[in-house]
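Chemist: Following this message is one structure expressed as structure tokens.
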Amino acid sequence: MPLVTVAQLLAKAEAGGYAVGAFNCNNMEIVQAIVAAAEAENAPVIIQASQGAIKYAGLDVIVALVRTAAANSPVPIALHLDHGTSFEQCIQCITAGFTSVMIDGSKYPLAENIALTKQVLAAGRAVGASVEAELGKIGGTEDDITVNAKDAFFTHPQEAKEFVEATGVGSLAVAIGTAHGQYKGVPQLDFARLAEIKALVNIPIVLHGSSGVPDDQIKEAIRLGVRKVNIDTNIREAFVAAARQAIMANPNEIDPRKVLGPAREATKEIIRDKIRVFGSSGQA
Numbered sequence: 012m013p014l015v016t017v018a019q020l021l022a023k024a025e026a027g028g029y030a031v032g033a034f035n036c037n038n039m040e041i042v043q044a045i046v047a048a049a050e051a052e053n054a055p056v057i058i059q060a061s062q063g064a065i066k067y068a069g070l071d072v073i074v075a076l077v078r079t080a081a082a083n084s085p086v087p088i089a090l091h092l093d094h095g096t097s098f099e100q101c102i103q104c105i106t107a108g109f110t111s112v113m114i115d116g117s118k119y120p121l122a123e124n125i126a127l128t129k130q131v132l133a134a135g136r137a138v139g140a141s142v143e144a145e146l147g148k149i150g151g152t153e154d155d156i157t158v159n160a161k162d163a164f165f166t167h168p169q170e171a172k173e174f175v176e177a178t179g180v181g182s183l184a185v186a187i188g189t190a191h192g193q194y195k196g197v198p199q200l201d202f203a204r205l206a207e208i209k210a211l212v213n214i215p216i217v218l219h220g221s222s223g224v225p226d227d228q229i230k231e232a233i234r235l236g237v238r239k240v241n242i243d244t245n246i247r248e249a250f251v252a253a254a255r256q257a258i259m260a261n262p263n264e265i266d267p268r269k270v271l272g273p274a275r276e277a278t279k280e281i282i283r284d285k286i287r288v289f290g291s292s293g294q295a
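Under this note's numbering, think of the first position of the sequence shown as 12, with each following residue one higher.
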């Protein structure tokens, strides 16, 4: 089916009390794994492209891969820009065929973040693309974007209320204790903060940096209003581990399909597991 917007998927998730998985892609095999997992679980899915993915694969290649996969799939699929850094990049992605973009103005003061988000929203609404924003800084590294632990700060509930009322944004990524990349310990999410934010804003909440967060904490966050859960690091770990194992098992192998095929299958399985945790199995 044709690509859908993230807003469409999250509206249904809000009504159903589950979350939609948003999985980052970097190449053909990962796109295939995401779609295969969603089909196996009969689940809606969001395929995301980050700054690094766009630089590595190329914007047009990513759009072509995801459009082709969606056209041949019975499950609803959205194509989303993860951590867009400027108005210009968001417009470039929307023009290329993305159905949803995230504008990350979290590094700016509140007023500037609001102004930038409103600018992207106006453009997105004109063509039917959905928009996600971020308030609060999530620590760690996501491709070219790094937030040091000392610079990360949690989302303030009253600021979230002000931000949503001022912008009318469709979904909001909040900082409640997650981080991008691999965790050094076990994260502890601030559920009281999340509950307060959700009580003040009537839109779907997005959880970034979810790889490595224990399943029970993810499920509690979903119970409290998270409707989009981002996964990247777990995909990289599964993909590279399986490829490495294939090479070690046969170091003379020169057929990339015999290396990347097992990596694709391992990626599919970790994504299926996440979809079940998120409660979106059978929701396509």
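No residue lacks a Cβ here, since even glycine has one placed at the ideal position from N, Cα and C.
Relative to the C-alpha of Thr96, which candidate in Leu127, Gly69 and Phe109 has its C-alpha closest?
Modeler: Per the Cα distances, Leu127.
Chemist: Return the first residue and the last residue of the alpha helix (DSSP H) that Leu121 is part of.
Modeler: Leu121 to Val138
Chemist: On a Cα-Cα basis, can you pick out the residue from Gly290, Ala295 and Lys285 that is closest to Phe34?
Modeler: With distances taken between Cα atoms, Phe34 lies closest to Lys285.
Chemist: Going by alpha carbons, who is nearest to Lys209 out of Arg78, Thr166 and Cys104?
Modeler: Thr166
Chemist: According to DSSP, is Ala190 helix, strand or coil?
Modeler: strand
Chemist: Taking three-plus beta-carbon pairs below 8 Å as touching, is the region 39 to 49 in contact with the region 110 to 121?
Modeler: no
Chemist: Is it right to say Thr157 is buried, meaning 16 or more other beta carbons lie within 10 angstroms of its own, or is it exposed?
Modeler: Below a pLDDT of 50, predicted positions are generally treated as unreliable, and Thr157, at 46, falls in that range; the measurement from the model is reported next regardless. Classification of Thr157: exposed, given that the 10 Å Cβ count is below 16.
Chemist: Specify the secondary structure class of Glu170 as computed by DSSP and reduced to three states.
Modeler: helix
Chemist: Does DSSP classify Ala24 as helix, strand or coil?
Modeler: helix
Chemist: Quick one: is Asn37 buried, meaning 16 or more other Cβ sit within 10 Å of its Cβ, or exposed?
Modeler: buried
Chemist: What residue from Pro215, Ala137, Phe164 and Asn83 has the CA that sits closest to Arg143's CA?
Modeler: One detail in the question is off: residue 143 reads as Glu in this sequence, not Arg. It is Pro215.
Chemist: Comparing alpha-carbon positions, which option in Ala122, Leu211, Leu70 and Ala232 lies nearest Ser221?
Modeler: It is Ala232.
Chemist: Taking all protein chains shown into account, do 16 or more other C-beta atoms lie within 10 angstroms of the C-beta of Asn83, making it buried, or fewer, making it exposed?
Modeler: exposed
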